[in-house]
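Participant:
Number of protein chains: 2
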Amino acid sequence: MDASEIYKALADIQRVRLLNLIEASPLCVCHLQTLLDAPQVKISKQLAYLKTLGLVEAERRGNWMIYRMAQPVPDLLTSNLQHLRDSKESSGRQLQVDTRARTQLLKQLAAPKSTCPKVLFNALCS
Amino acid sequence: MDASEIYKALADIQRVRLLNLIEASPLCVCHLQTLLDAPQVKISKQLAYLKTLGLVEAERRGNWMIYRMAQPVPDLLTSNLQHLRDSKESSGRQLQVDTRARTQLLKQLAAPKSTCPKVLFNALCS
DNA sequence: GCAGTATATTCCGTTAATTGAATATACTGT
DNA sequence: ACAGTATATTCAATTAACGGAATATACTGC
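Chains as they are written, first to last, in this note's numbering: chain A, 1188 to 1313; chain B, 1188 to 1313.
#1: Determine which residues of the region 1192-1204 of chain B have a Cβ less than 7 Å from any Cβ of chain A, and write them out in chain order.
#2: Could you work out which residues of chain A lie near L1208 (chain B), taking near to mean beta carbons separated by less than 7 Å?
#3: What's the C-alpha gap between N1207 (chain A) and H1218 (chain A)?
#4: If the cut is a Cβ gap below 7 Å, which residues of chain B does L1263 (chain A) touch?
#5: Secondary structure at V1260 (chain B), three-state DSSP: helix, strand or coil?
#6: Only counting the same chain, and skipping five residues up and downstream in sequence, which positions put a Cβ closer than 8 Å to that of Y1236 (chain B)?
#7: Are Q1220 (chain B) and I1209 (chain B) closer than 8 Å when you measure CB to CB?
#8: With distance defined between alpha-carbon atoms, name the residue in A:V1243, A:S1274, A:T1239 and A:N1250 nearest to C1303 (chain A).
#9: Going by beta carbon distance, what residues of the same chain come within less than 7 Å of L1271 (chain A), once the five residues before and after it are set aside?
#10: Run through chain A and tell me which residues come within less than 8 Å of S1160 (chain B), C-beta to C-beta.
#11: Using DSSP with H/G/I as helix, E/B as strand and the rest coil, what is L1214 (chain B)?
#12: Would you list, in chain order, the members of the region 1275-1291 of chain A that have their beta-carbon closer than 7 Å to a beta-carbon of chain B?
#13: If you count every other CB in all the chains shown that lies within 10 Å of the CB of V1243 (chain B), and 16 or more means buried, which is it?
#14: Looking at S1191 (chain A): is its Cβ nearer than 8 Å to the Cβ of I1193 (chain B)?
#15: At which residue ranges does the region 1227-1290 of chain B contain complete alpha helix (DSSP H) runs of 4 or more residues, listed in the order of the chain?
#16: Taking buried to mean at least 16 other C-beta atoms within 10 Å of its own C-beta, is N1267 (chain A) buried or exposed?
#17: Identify whether T1302 (chain A) lies in helix, strand or coil by the three-state DSSP scheme.
#18: Mind reading off the beta-carbon distance from A1211 (chain A) to T1265 (chain A)? Whole number of angstroms is fine, and I expect it under 8 Å.
#19: Can you grab the Cα-Cα spacing for the pair A1245 (chain A) / A1257 (chain A), in whole Å?
#20: Pick helix, strand or coil for S1191 (chain B), following the three-state DSSP scheme.
#21: To the nearest angstrom, how far is the alpha carbon of R1255 (chain B) from that of D1273 (chain B)?
#22: So A1288 (chain A) and A1198 (chain B) are supposed to be a Cβ contact under 8 Å. How far apart are they, rounded?
#23: Kindly examine the ligand ADP and report whether one of its heavy atoms sits closer than 7 Å to the Cβ of K1195 (chain B).
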C-alpha cells in the first residue's frame, strides 16, 4: 500500500467522511447515502474508488452491501483520520457531526419499532 | 488552508520529496533539481503548484530562486512528513536518502573549493 | 416468474493534473 | 549592448478524476 494512494483517498472531503464513518464500524451504502446526503451513484463510485485503493472491502448481505475497512488499516490512515477528527477546521467539525449522526442512526436502528431488517442490522453489528 | 489541499500536495512522491527537503531549510531550484534528478520544468512546475497551494514561497536572489516553507507550516503537513520519514516503506527510505544527500550537498557548498556563489550560499543559510 | 429494492456500471461530457518541447523572462558579468 | 545562466511560462497532448442520467445487476418476497 503506497502512501500516495492513501493521500489520494484523503484529498476529498467526502471520501474522508466515508472513511471516518466506516472506520468506527461497518455501514451499508444506504446509510452512508443518508449520512452524507449525497446521491447514490456518487457514494457508490467513491466507495468503488476506495475499494480499488484497497482501503475498504464490501460484503453483500441480502440486498445490502456492507462496507468495512480492509485489514490491516494503515497507520498513516488511522493517524490522519484521528488528526482530522481532532482538528477545529471545518472538516473536523463535519466529521464530529457525522459521527454523532451515525451514533444516532444506529440507535434508531436498534429501537424496537425500527423497520430495519434484522439481516442488515446484524451485519452492521458484526 | 484546507486539509484536502495538503493531501493533494502529498499525493505525489516527488512533491513529498520537495517538501521534505525544503522543510529542513530553504533550497534553490537547481539543487532540488539535482537532488531529485528530475528535469527543470518538472521541478519548477511542482514548486509552482505547491506555491498556489500556499505551502511554499519563493524569493529571488540573483539568478536563483530560493524556496522555503510558507509560515506557519500546517500541523497536518509537519506530522505527515515526520510520519513518512519514520516509515519503513519505500517512500520513507527515499526521504532518508534525500535528507542525507542534502546534508552532503550543503557540506560541499560550504567547502573552501566550492564554486557556489556566495550570494546563493548565504541565501541557503538564512 | 414478476415487481420491487439496493447497489453497481456504463456512457458521456467536463475539469484538473501531468508531461515535454519550445520559448520567454530575469538576472549576471563583461 | 551582449552572451550566458537560472528559472518560469506557454502550448499541446495525455491521462485521471468527477458528476449525472440511464441502465444493468443482484437480490428479496410473493
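Where a beta carbon is used, it is the ideal one built from N, C-alpha and C, also for glycine.
Facilitator: On the basis of the data shown:
#1: Y1194, K1195, L1197, A1198, D1199 and I1200
#2: Within 7 Å Cβ-Cβ: nothing; L1208 (chain B) doesn't reach chain A, min ~17 Å.
#3: 14 Å
#4: H1270
#5: coil
#6: A1196 and R1202
#7: no
#8: A:N1250
#9: V1203, S1278, G1279 and L1282
#10: Only positions 1188 to 1313 of chain B appear in the structure, and residue 1160 (chain B) is not among them; the question remains open.
#11: strand
#12: E1276 and S1278
#13: buried
#14: no
#15: 1227-1239 and 1262-1273
#16: buried
#17: coil
#18: No, A1211 (chain A) and T1265 (chain A) are not in contact; Cβ-Cβ is about 12 Å, not under 8 Å.
#19: 9 Å
#20: helix
#21: 22 Å
#22: With 8 Å as the limit, A1288 (chain A) and A1198 (chain B) do not qualify as a contact, their Cβ atoms being about 28 Å apart.
#23: In terms of ligand content, the structure shown is empty, and the ligand ADP therefore cannot be addressed.
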